[in-house]
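Structural data, given as structure tokens:
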């Protein structure tokens with residue numbers, strides 16, 4: 001398989017389709033990025049890296065970082081984690097607080113905001129310097145120093161972070177939150193404000209295509225079973241209110257972020273990261289989703 | 001009408017009924033009060049004071065203070081206030097956050113927690129030293145220095161204040177909150193932690209029985225129309241999820257608190273405060289509710 | 001008190017204000033009534049009748065009939081009724097089904113649709129020919145034959161009755177519905193489709209102003225305590241999502257219908273019915289509400 | 001691959017684990033089946049059939065039939081179908097009506113009850129004799145006459161069908177229901193009451209393992225794209241509130257029913273049906289789920 005040719009074809013075809021969306025506008029630092037940027041990076045199971053377009057340009061990974069923090073925490077808590085957060089898809093908006101009220105403080109899954117806050121809280125229970133350690137962990141997964149926290153983005157998000165703060169206090173009222181809220185939120189907004197290129201992001205997801213073993217870190221990051229769990233969660237819950245649609249169109253476990261990035265894996269084949277800032281109305285990158293759809297078509301790959 | 005004899009009869013009969021409830025247990029300082037305490041104070045329209053039992057013993061007025069803060073704020077904002085908080089009863093629990101999500105950050109009424117937080121926020125916009133000024137205002141209404149903030153209660157409530165904090169941040173996410181949340185919450189928990197005796201509480205409610213004019217302050221505290229509005233809100237929303245039942249059994253506008261107090265008014269006749277710590281399952285004092293029911297029976301009073 | 005002069009003044013002033021609303025448009029038979037019609041009838045405690053405008057013209061009483069059916073049923077079941085339907089105001093829309101799901105099939109009060117269906121179901125358990133008997137009962141209360149079921153209206157509502165039918169089946173799934181659904185719905189839509197004039201409607205409400213005794217029927221229709229319960233329910237739940245507002249502005253227990261009618265009582269003084277088809281956005285007649293507000297102002301009456 | 005040996009091993013191991021659950025008790029006809037029954041049938045892509053245990057014994061397929069009816073309807077309406085029903089997982093119970101209220105009558109997916117009713121309604125719009133035609137269609141897919149509607153089960157479910165009837169009327173109130181409700185419900189309860197053996201069920205699912213082509217019917221039943229859509233829906237929404245868990249443990253698109261059956265496919269490999277009546281608390285057969293988990297383990301198969 002010539003992956004380089006494949007992603008170049010996909011890149012070209014998507015560019016020709018001239019798809020339009022809307023850059024996320026709730027943070028000035030993200031609202032002002034050049035909307036025409038578009039990059040793809042693919043890392044095969046042996047660690048070979050392929051890229052096209054803006055694949056080396058760092059962008060704000062946002063919610064994609066929830067996969068990295070979940071991975072760190074999963075190693076420590078293992079299945080006990082699932083007493084604090086469920087593993088099922090949610091029919092409510094990603095930032096809904098009503099669901100938490102009806103389900104007594106147990107978030108539906110680790111990728112909706114409430115669930116990701118529980119994960120970051122668990123992270124703060126185990127790591128002394130969580131922000132540095134998340135960065136170090138991702139650098140290790142990517143095999144190089146590549147992560148930078150954009151403090152302007154972080155600060156902007158903290159300035160508009162009332163809803164996440166409300167979720168954190170609400171979780172605490174159900175005793176599902178253990179650390180000082182300010183500290184956890186700073187860690188949360190920091191990891192969401194991390195910037196990486198498509199290349200490094202794809203490398204950092206490589207272990208999920210490889211039963212938990214990272215070539216770049218040269219170690220078993222998760223057990224095979226844990227790795228499957230993370231992939232299952234991405235497949236059923238990784239795309240906000242478009243998980244079912246993505247499973248059908250693309251069929252790969254993946255996670256999107258409002259910065260316009262999507263990271264996904266084809267187990268035992270490759271990991272891939274695609275980035276383009278314009279989003280559809282469900283909050284997922286229009287070009288990234290289309291690129292992944294074309295790519296699986298060309299590979300004649302289908303889960304189904 | 002011999003009010004002294006009336007409340008003594010009521011007091012006696014309620015004591016003989018030996019009603020049982022459960023002292024609020026979420027704050028140590030309130031959980032440990034002597035549950036057998038019981039007092040009634042009535043202030044007629046001319047300012048005569050009548051009392052029986054523990055009517056001079058200070059207790060934690062809790063949510064009853066929401067009537068005082070609403071009054072302070074109402075004077076400044078008048079009907080503009082109702083763009084930020086509605087005037088209708090709620091079918092949800094007093095501390096529900098789901099209702100706020102469905103109704104886009106506008107609380108149903110000023111007595112559920114979310115609504116009271118909006119009122120306290122408005123208070124902080126107009127008053128430089130809100131805690132001192134709430135105390136001074138209540139003292140003025142009662143015609144004497146009588147209010148004390150119990151800092152142990154306040155601190156306990158702040159330590160368990162996650163749910164109210166969540167409400168505040170959620171309100172802020174809808175831009176229905178203007179002041180620093182910590183500051184507003186401190187004011188909120190302070191006024192809820194105020195202690196007053198039945199006598200002083202009844203005096204402080206006297207203006208609501210008198211079309212807004214306070215004999216003790218010797219001034220028009222609210223316009224007649226505003227005073228009616230506060231009374232209408234107390235009648236329809238003053239007793240958590242027992243407003244309809246209280247309207248039927250007692251038929252007086254009033255407000256209860258989890259400290260076991262109830263303050264109510266019979267317009268153009270008297271104001272009254274009753275206190276006994278044991279609560280029914282809806283969170284209202286069993287003896288206070290029963291006392292008011294007997295009292296209106298004996299007066300052959302009925303709204304209906 | 002010259003009630004005739006009073007209602008004429010009110011009538012005149014309201015007419016001059018030229019208030020506008022919107023006639024209910026979901027049934028052709030109601031949508032096409034002349035929107036300018038406006039009548040007031042007042043019946044004092046002695047049975048004297050006063051009227052102005054279109055006070056003798058029959059109109060569709062709609063939800064006002066829920067007071068009559070509640071009265072019939074209350075007599076049979078007494079307080080056992082409140083195991084099937086609650087007595088508290090609802091923060092949800094009058095036709096909400098979600099509330100029923102969260103509260104396990106117990107409607108919030110007898111005036112929201114779900115609650116009224118439970119009442120009509122109870123009615124069908126006790127009366128062999130419920131439609132005839134509701135008519136006969138109202139005729140008795142009014143002291144003359146006056147009620148007519150408009151079958152066109154009834155049939156129209158049955159044709160668009162899917163939501164009420166859904167509520168009935170949902171109640172049945174919680175075992176809070178005992179009779180054949182079709183039969184109960186026919187009775188329900190029949191009593192909603194009854195037509196009466198303001199005069200007869202005011203007469204039929206007279207017993208609620210008189211501690212349960214009807215002058216026209218010459219008997220105790222409800223006990224004093226039951227009569228108070230009905231009035232308390234009307235005050236807290238009688239005006240859809242405008243109960244708090246109506247309590248403040250008017251302060252009388254009452255019930256409105258989408259036909260543009262409002263019936264209310266001033267206990268121990270009079271009952272009153274006002275009708276004008278144009279509704280405000282909450283579904284209550286603009287002219288009727290305004291007329292009652294002016295009337296209580298002129299009487300210097302206030303609950304508060 | 002020796003599929004016969006594989007399923008025999010799985011059968012043996014599951015039997016030894018002695019798993020316990022609870023037979024569905026809401027219908028007498030299902031509540032009284034022998035709980036120890038357990039069968040597995042596997043049909044490979046070439047049409048070879050393998051079976052073990054009670055694989056030839058007919059059982060009530062219940063919700064599994066929703067896959068068959070969706071398939072029939074999908075062919076006619078194609079993507080227009082998705083204007084009436086969404087394709088995303090739901091966080092609410094499978095029979096929730098509140099979700100329908102909040103989302104204006106559009107069910108979350110075709111497998112929750114509300115969605116399946118819309119599908120059956122669409123079926124009734126296109127087929128003159130829907131029950132016969134569903135039976136005929138399933139027989140065609142299975143390559144033999146095998147389907148029988150158990151009228152006792154159907155009648156029992158109709159007798160307790162209030163909640164589904166409520167859903168149907170509620171859908172109609174949103175104009176998302178076109179045919180007479182009684183007729184549609186009879187079709188719905190009839191297809192849920194169909195009985196098939198594991199062998200025939202696995203054969204009837206074979207086309208979903210084969211890009212839409214049925215060997216037994218010898219025709220393209222769905223396009224490849226449609227077939228993927230059905231599989232994607234089964235993977236994300238096929239197991240009530242256990243879809244995420246099933247995706248992780250088993251990783252096959254599938255559909256369960258409260259009769260204790262599960263039908264699933266491994267695309268391009270085989271279809272499989274497992275049946276055992278005892279259910280876990282989420283409503284899925286404990287032995288069937290465990291069997292599928294063991295089977296994919298033994299095959300070293302994983303989506304992830």
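Protein chains in written order, with UniProt numbering: chain V, 1 to 304; chain S, 1 to 304; chain G, 1 to 304; chain W, 1 to 304. Here a beta-carbon is modelled for each residue, glycine too, at the ideal position from N, C-alpha and C. Please read these numbers as outputs of a predicted model, since none were measured by experiment.
- Between residue 44 (chain W) and residue 270 (chain W), the beta carbon gap of about 5 Å places them in contact (Cβ cut-off 8 Å).
- A distance of 8 Å or more separates the beta carbons of residue 39 (chain G) and residue 21 (chain G).
- In this structure the region 168-181 of chain S does not lie against the region 236-252 of chain S, because fewer than three pairs of beta carbons, one per stretch, are closer than 8 Å.
- Secondary-structure assignment with DSSP links residue 228 (chain W) through no beta bridge to anything.
- The continuous alpha helix (DSSP H) containing residue 244 (chain W) extends over residues 243-249.
- Secondary structure remark: continuous alpha helix (DSSP H) runs of at least 4 residues inside the region 57-88 of chain S, in chain order: 65-77.
- Burial is judged here by how many other beta carbons sit within 10 angstroms of a residue's own beta carbon; residue 47 (chain V) has fewer than 16 and is exposed.
- Annotated three-state conformation of residue 104 (chain G) is coil, per DSSP.
- The three-state secondary structure of residue 213 (chain W), taken from DSSP, is strand.
- In the displayed model, residue 1 (chain W) falls within coil according to three-state DSSP, outside both helix and strand.
- Here the alpha carbon of residue 97 (chain V) sits roughly 37 Å from the alpha carbon of residue 205 (chain S).
- In this structure, residue 106 (chain G) keeps its C-beta atom at 8 Å or more from the C-beta atom of residue 94 (chain G).
- Beta-bridge annotation (DSSP): residue 220 (chain W) is paired with W:213.
- By the beta-carbon neighbour count (other beta carbons within 10 angstroms, threshold 16), residue 241 (chain S) is buried.
- For residue 263 (chain V) against residue 202 (chain V), the beta-carbon gap comes to about 7 Å, under 8 Å, which counts as contact.
- Under the rule that a run must span 4 or more residues, the alpha helix (DSSP H) segments found entirely inside the region 92-155 of chain S read 98-102, 113-126, 130-142.
- A Cβ-Cβ contact shorter than 8 Å links residue 58 (chain W) with residue 195 (chain W).
- Cβ-Cβ separation between residue 266 (chain W) and residue 252 (chain W): approximately 6 Å, consistent with a contact (criterion under 8 Å).
- In the DSSP annotation of this structure, the continuous segment of the beta strand (DSSP E) that includes residue 42 (chain G) starts and ends at 39-44.
- With its beta carbon less than 8 Å from one in chain S, residue 169 (chain V) belongs to the interface.
- Residues of the same chain with a CB within less than 7 Å of the CB of residue 76 (chain W), apart from the 5 flanking positions on each side, are 126 in chain order.
- Residue 221 (chain S) and residue 268 (chain S) have their C-alpha atoms some 16 Å from each other.
- Residue-level contact check: residue 132 (chain V) does not touch chain S, since none of the beta carbons of chain S fall below 8 Å from its beta carbon.
- The residues 45, in chain order, have a CB closer than 7 Å to that of residue 210 (chain W) in the same chain once the five nearest residues on each side in sequence are set aside.
- Using a CB distance below 8 Å, the part of the region 88-107 of chain V facing chain W consists of 88, 89, 90, 91, 92, 99, ordered along the chain.
- At a cut-off of 8 Å between beta-carbon atoms, residue 236 (chain G) makes contact with chain S.
- Sixteen is the threshold: when 16 or more other Cβ atoms of the shown chains lie within 10 Å of the Cβ of residue 150 (chain W), as they do, the residue is buried.
- The continuous alpha helix (DSSP H) containing residue 202 (chain W) extends over residues 198-204.
- In the three-state scheme derived from DSSP, where H, G and I count as helix and E and B as strand, residue 190 (chain V) is classed as helix.
- Contact between the region 177-185 of chain G and the region 178-185 of chain W is absent, with fewer than three C-beta pairs closer than 8 Å.
- The Cβ neighbour count for residue 129 (chain G), taken over all protein chains shown within 10 Å, is under 16; the residue is labelled exposed.
- For residue 147 (chain W), same chain residues with a beta-carbon under 7 Å away, outside a window of 5 residues either side, are 135, 138, 139, 194, 196 in chain order.
- Distances from the CA of residue 154 (chain G) to each of G:124, G:61, G:1, G:2 were compared; the closest alpha carbon is that of G:61.
- In this structure, the beta-carbon distance from residue 114 (chain V) to residue 167 (chain V) falls below 8 Å.
- Chain order gives the chain G residues near residue 173 (chain W) as 162, 163, 166, where near means a beta carbon separation below 8 Å.
- Residues are counted here when their Cβ sits less than 7 Å from a Cβ of chain S; for the region 255-281 of chain G these are 267, given in chain order.
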